[in-house]
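Protein chains in written order, with numbering that gives the first Met the number 0: chain A, 0 to 485; chain B, 0 to 485; chain C, 0 to 452; chain D, 0 to 452. Think of the CB as a built atom: it goes at the ideal place given N, C-alpha and C, for glycine as much as any other residue.
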Amino acid sequence: MLIFEHSQSGRINSAQRTAALQPLQEIPKAMLRKQRAQLPEISELQGVRHYTQLSQKNFSIDTHFYPLGSCTMKYNPRGANTLSMQSGFLNRHPAADAELGQGVMTSLYDLQEILCEVTGMEATSLTPAAGAQGEFAGVAMIRAYHDAQGDTARSEILVPDAAHGTNPASAVMCGYKVKEIPTNSDGDVDLETLRQVVGPQTAGIMLTNPSTLGVFEREIEEIAALLHQAGGLLYYDGANLNAILGKTRPGDMGFDVIHINVHKTFSTPHGGGGPGAGPVVANKRLAPYLPIPMVGVKEHEGTSHYHWLTEAERPESIGRLSAWSGNVGVLLRAYIYAKMLGTTGMERVADYSVLNANYLMKQLQKKGFTLAIPERRATHEFIVTLKSEAKELGVSAMDFAKRLLDYGHHAPTTYFPLLVPECLLIEPTETEDKATLDAFVEAMVAIRQESKENPEQVKEAPLTLPVRRLDDVRAARELDLNWYNQ
Amino acid sequence: MLIFEHSQSGRINSAQRTAALQPLQEIPKAMLRKQRAQLPEISELQGVRHYTQLSQKNFSIDTHFYPLGSCTMKYNPRGANTLSMQSGFLNRHPAADAELGQGVMTSLYDLQEILCEVTGMEATSLTPAAGAQGEFAGVAMIRAYHDAQGDTARSEILVPDAAHGTNPASAVMCGYKVKEIPTNSDGDVDLETLRQVVGPQTAGIMLTNPSTLGVFEREIEEIAALLHQAGGLLYYDGANLNAILGKTRPGDMGFDVIHINVHKTFSTPHGGGGPGAGPVVANKRLAPYLPIPMVGVKEHEGTSHYHWLTEAERPESIGRLSAWSGNVGVLLRAYIYAKMLGTTGMERVADYSVLNANYLMKQLQKKGFTLAIPERRATHEFIVTLKSEAKELGVSAMDFAKRLLDYGHHAPTTYFPLLVPECLLIEPTETEDKATLDAFVEAMVAIRQESKENPEQVKEAPLTLPVRRLDDVRAARELDLNWYNQ
Amino acid sequence: MPFIPHTEAETRSMLDAIGVDQIATLFEEIPTSLCANAPQQPEQGLSEMEISQLMRSRANADDGVTCFAGGGAYQHHIPAAVWELTTRGEFYSAYTPYQAEASQGTLQLLYEYQSMMSSLMGMDLSNASLYDGASALAEAVLMAVRANRKSKSKRILIPKTVHPNYRKVVHTLVRHQGIELVELEYDAKNGTINPDSLKISDEDPGYAALVIPLPSYFGTLEDVHTLTDWAHSHGMLVIGSVNPIAMASLTPPGEWGKEGADIACGEGQPLGIPLASGGPYFGFLCCRKALVRQLPGRLIGRTRDLDDKEGFTLTLQAREQHIRRSKATSNICTNQGLMVTAATIFMSLMGTTGLEQMASGSYSNSHKLVERLSTIDGVALAFSSPYFHEAVITLSTPVAELLQILATQKIVGGIDLSNDYPELGNALLVCATELRSDDEIEQFATALEQILC
Amino acid sequence: MPFIPHTEAETRSMLDAIGVDQIATLFEEIPTSLCANAPQQPEQGLSEMEISQLMRSRANADDGVTCFAGGGAYQHHIPAAVWELTTRGEFYSAYTPYQAEASQGTLQLLYEYQSMMSSLMGMDLSNASLYDGASALAEAVLMAVRANRKSKSKRILIPKTVHPNYRKVVHTLVRHQGIELVELEYDAKNGTINPDSLKISDEDPGYAALVIPLPSYFGTLEDVHTLTDWAHSHGMLVIGSVNPIAMASLTPPGEWGKEGADIACGEGQPLGIPLASGGPYFGFLCCRKALVRQLPGRLIGRTRDLDDKEGFTLTLQAREQHIRRSKATSNICTNQGLMVTAATIFMSLMGTTGLEQMASGSYSNSHKLVERLSTIDGVALAFSSPYFHEAVITLSTPVAELLQILATQKIVGGIDLSNDYPELGNALLVCATELRSDDEIEQFATALEQILC
Ligand SMILES: Cc1ncc(COP(=O)(O)O)c(C=O)c1O
Ligand SMILES: Cc1ncc(COP(=O)(O)O)c(C=O)c1O
């Protein structure tokens, strides 16, 4: 049932009244609403019951294993939520004097420093609201750098074919053409092609390392040299940072700028699609162009005072990305998580996310599943291709994914990266225990068995969820996006 | 799966470490534990996931209609939870100086006053932890009163046969013998019998009004006169106060002492069985005997200072019922609720809880269900007897109750009060909307229809819950109360 | 009309269905003579916005205090997950799990609680909670009297080292059943039961049970092994009244003496429940298997469903008031379920090691505190025997005033013992759990120094 | 190892299964030359207890402030239920609902959100959120340029009465696509778009769209009807950048002029999202049906499952980067889902009446505030035209210093306009929502009086 179906004209949740309804006397009549807005008219109990019941229809980290490749669905510490929801943090107006926000600003400043340290970079701007906005910022910074050199002929950004869709989309938003670089069968960037396409028109390259294929780009130093020699810069898509935290740093690999998805590596919640945050971190060369605002510090009479750095202090900045300073509440959660890990804990994240991925990969391989890149170590994730299952049993990666839901596991990422057919990109993360991984392997084996004995059951999965498989074609054809406009 | 089955020896949730583990140097070895305690050894994610999933196996007010007679399962305002969980309230030590707790003590004092007003009584003690402890307190006060009069021969407490089990049990804890009074077919106390049994041995009577039969005791004034003439006192079981809030007051009816289940009428949560709170409120005669501590006030330089009243100020008190001062956190929620209602809102509680009950009763009657007391107005609850369904269709009140769960409604109270065969005691409360009541009627009709067509389905219900009907006999015979002792 | 969903049209149609024309008619059976004296000044309710403003300012007024008091209520670390989960609507707003099939969440959790608590106490089984530590002791006493059929005595030995308020509560709750509490003196040097008080003359009609606290109210450790064996040899049952955090490290009742205690009870608050001015907390009560039918309160048993699947249900309900009425083991009905929910999640998230660390941290911080305070002129440790995580110190000035001055500095300096134990002089019970930092201890000590000199 | 569940034995058995003898081996493909410069001082993590102590003291330091600032971020009442529900694990820790069948909770909620937001804006449809109000305006601009095929212009008219930071953000985000922002001056008397600036010469190559704020950054009301009709008659699309609480009372974009605006966007924060130093908030974006394929961000559609049962799913994904990559309507991927969850619950619990009351209360408190402040010598209202819930006042002293003094009294006195609008002199943008009490207003006024004289 939809909330609107609980609505009853004239019902008022009067516990939530805030003021007597009075005419807005000085407002000209023409400026007043003609028809009242249609919001649900429900009691508080109806609302609480409806949304509590709705929530139960979700899978989530708090309820299910969620091995969604590229998304790093790990435990979101409850402590980070409780502590960042304190009234002192929640009730601070973004334009309030900095002296009224030293608690939050200290934390943000510390986080800037931590992210520099973790990435081997010079300076951080926390303002991007998500990875994609971080990508935009990073590429815009590359552009600003070339512009500052008077080097305005560079028109291309290189992006591997395995890259996440946001990479090319962000490059385009920065006014660049995108050139795709193929990946070789080992999962590395095809160096031959790269050598051929890099040139004076190359503004830079966007890479993740490990790549979305779940392997470490071994030639990264050579790629960096190649780009830098040609005058291009290197952008690091930090979505996969979980695999290398405390092990190796993008700055040391030769990257010039990076964004970090704190909603992945730093375990802030995904919230059913967001918000996250995508801080950008740059080396000396690109630091001047970081988006504003950033947090600065001044010492005064022995105490540190934190304040916002804006246009005045950062004249070369690419500018603002949001009305204020990005997703502060998310950044606080990331900060709390980072402080709880310490540098020692961060290295453990890499250790155990990689251990879990390699273990799971090996167990699936032992059970006869085909790996996309069988001869290499997995990083924090790896790819299974169900090409032969599709061919022999007629069940697709999608069918496996849907049937896994019935087994109580969220599906891995399907059909991404696009170059591997019938693929499942599997990322268990370090916060899952061995028993859970073993249960997942059993489920995969069971589904393959079902696919032989009872393929219809698999193709019609899920069978036990609030809905059966949904008609996406109908959804797009008979667009129904607004209950009031049905 | 039980939490113990997730446990793995040697696993430590190190985020929750609080101190390095050091030997307790000065403690003699013989005083140290020989075997370590066996608690689950799980990760934080395992714990969060386990208990989140467990919670989803419950019905609750926040998820289901819960017409559980005598329990007043109404909406528990979320605001009351948020506001009483503020750190200033949570972190106050009960023995801290009263000056460090003026915020909470002001609220408790105000609540004492409100409860006096609502009941028409003289003074309140908030300390009883639940209704039953309130009953104990009230009866002990009656005893203390008689003792103070030197009237030590009174040995009996009268209790109607329809009374809640706590009433006789509480009377016995106070050292009284219990004499049951029959109820007549109209649901009133049988006055004839009462007249015969009241005498010099009568310490008092325990009544609810409306009674657990869901009707108002019309002869209450006569009963009060009868008791008082014989030197006995009247105890009011406040569990059913919801029906008369702001309409009539126990003090005006002639009661001497009353407990209030704030977890019913004042909408504090039931929490899966508790905690509640059972403040006792007494008239002038019994006020001196109220349990301690109570909150008192002193004016000092124009401001009110609140402090605890203990033995020194209340020498005739029956004494302490708990180590500190009862369930303060629950009382804060009750206070917030009371303040949100105001006296006008309280009257509305009675209006609409009675409207809902009478409507539901009428609709069920129209659909052919048999009412226990058909010719009377319902109060906030009423009784359906499924005697004829049981006889004709072979399905019991229990079967109806279990099948209702499949229909998404919590079952009404079954087999209470004991004197009505195959009964359902139905209390919809004022916070449910008409559509929900209508859905309940439909479900009842559907189940009766099923009972004709497919009685097995009803007898084996529930069919859609986490478990099917459970074997209670086995539970009692093969006692399994401790996972470690299986 | 806060929280009432009815629109005018719905109210009308419902009245029509009933066949009356106004709500007032539904109250016609109430004699008019009883119709309430309308409240003097009918008070409008506050909106959530208004009550929020009020309650925020009140909570803020009480906030920011540093606590060195224990005495039965302890400020320990509580993982955030505990209350984020406990206040989920499905736990928070559920009723007592009488409909087992619709309450498997609560029931399984309570079964897990029973198991954990039994293990922590070293006992066979646990009930699913009582009101608090004090009333749990009263129930234990009643239970012991019922259970000790041999002794027939209605007298209970209870040492003065038991929390004074517990003794008062037990007295209030058991006296009407003819049960007599006989107090045992403590040794002025050690702060533990005076062994001399244990001599029972032959004429003595005996006792149904001996209560043994661990740690004692003074923080000291009773000689539980000797006491238990002595009590058993005199035909008494042994009731342990213990602190659950301490039981992570100290010998639990089940391990006392040759046979272990018969009943273990105590205050559950230290297991994840906030101080909250004294409640809601919860009482726990464990016992030997043989005593189960005398146990008050709810019990959850594991059983099977129609499909032979595991499930959980209330069991042995015939002990309880809703079945047995005047013959029930207790009048308790509503208990402290949600607190047990929190405690169960707390114990799971802390684990054995976490609880041991908490015990160890509280032990060492309290010792740090007492050592630091003892360096102050006019402060002395009252007893010479080992203590766990609180201790009695004596002072050169009256305690009440001192606590008031500390209060103005937002410090709760401990619990004044001068009313309950006048013989100790200016005695203060102090405690520092694992939460107290070195800075806070130093701050307290400095404040005390300033007051005392 | 916080949050890592592996026991040593498990780690060992997993390594054995993989066939390596230590974890380090799994990293062997990383060239040793890259192996991180170990951190200078390897830092141990803090326990939850330790980080709690740290973050509690920081939050307390920032607490207790009274806020009279608006300017795009408003402190409104938020029912407690909103965040108690929003932070339930199933909403909080779920991913983007790509697996629709396992995400019906989030998906249905988003569909409900789209419906409510469309109704509030008077528009056909809404997406499921963008980052914030400023970037939503940038996306609206990009969308308008794509959608306005007739005009072919890449120029956008944007009045100076739009939030200065919004204009900066739009500039940052759209400039690389060759889009030019042309600013419209405001009338110094009225604080709304200067009608003179609307004269377009014949040589003018035209504009793709006009942005209209309501209320304006100054709190004033643009003549939206005239402006909309004017823009449409000049071949422009109309983008409304509006405050959602105001839309409960003021004409929503869909009702502007003869045909309504084409796109409506704005900051969702006032709908149940706390101030939180500026984020996370969420941007909303609504449009006419015809423009749906140009809409950026996620869209949820209602559809049917295999059993013909109603269900919800992401739809028109071909607009998005994960399908269309470099040709997508935007690069947005992660959006602000949880904020929309809160806003949806907020709108449901407040209802139409609740939102109207909030608008009305904010209107009247702001008017109370401005009237009271205007009685102070040296304070004047800057503009003569009506305003909704904030207004510009001018002062006899520099604003920055004044705000600093107020800050020492824990008052946020408003937003200093002297940098963004130097021509206004010592100008301060003030706001009082329904939350501000008469006492607080009086306190602010008194403080101001003391500073100014
Ligand atoms: C490899 C990769 N890059 C970029 C992104 C985009 O980040 P965001 O969703 O935070 O915008 C993602 C996230 O989905 C990703 O997996
Ligand atoms: C009529 C009646 N009396 C007394 C009680 C006992 O109250 P409590 O459960 O709070 O001890 C109840 C509650 O179940 C009740 O319904």
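DSSP three-state assignment for residue i, whether helix, strand or coil
i	result
residue 230 of chain C	helix
residue 317 of chain A	coil
residue 439 of chain A	helix
residue 432 of chain A	coil
residue 381 of chain B	strand
residue 149 of chain A	coil
residue 243 of chain A	coil
Whether residue i touches residue j by CB criterion (8 Å)
i	j	result
residue 190 of chain C	residue 64 of chain C	no
residue 230 of chain A	residue 199 of chain A	yes
residue 271 of chain D	residue 105 of chain D	no
residue 286 of chain D	residue 116 of chain D	no
Residues sharing a beta bridge with residue i, DSSP
i	result
residue 311 of chain C	C:301
residue 240 of chain C	C:212, C:264
residue 115 of chain A	According to DSSP, residue 115 of chain A bridges with nothing at all.
residue 487 of chain A	Since the first residue shown for chain A is 0 and the last is 485, residue 487 of chain A is missing from the structure and cannot be characterised.
residue 263 of chain B	Answer is none; residue 263 of chain B lacks a bridge partner.
residue 295 of chain A	A:306
residue 415 of chain C	C:427
Beta carbon proximity, residue i to chain C, threshold 8 Å
i	result
residue 174 of chain A	no
residue 78 of chain A	yes
residue 13 of chain A	yes
Neighbour flag for residue i against chain D, beta carbons, 8 Å
i	result
residue 35 of chain A	yes
residue 392 of chain A	no
residue 205 of chain A	no
Any C-beta of chain A under 8 Å from that of residue i
i	result
residue 182 of chain C	no
residue 445 of chain B	no
residue 13 of chain D	yes
Interface flag, residue i vs chain B, CB-CB below 8 Å
i	result
residue 343 of chain A	no
Legend entry - Positions along the region 38-62 of chain B whose CB lies within less than 7 Å of some CB in chain C: Within the region 38-62 of chain B, the qualifying residues are 38, 39, 40, 41, 43, 46, 47, 50, 51, 53, 54, 55, 56, 57, 58, 59, 60, 61, 62.
Inset, instruction - Taking only beta carbons into account, state which residues of the region 246-261 of chain D come closer than 9 Å to chain A, listed in chain order. - result: Sequence-ordered contacts of the region 246-261 of chain D with chain A read 246, 247, 248, 249, 250, 251, 254 [C-beta pairs closer than 9 Å].
Inset, instruction - Determine which residues of the region 233-245 of chain B have a Cβ less than 8 Å from any Cβ of chain C, and write them out in chain order. - result: Near chain C, meaning a CB-to-CB distance below 8 Å, the residues of the region 233-245 of chain B are 243, 245.
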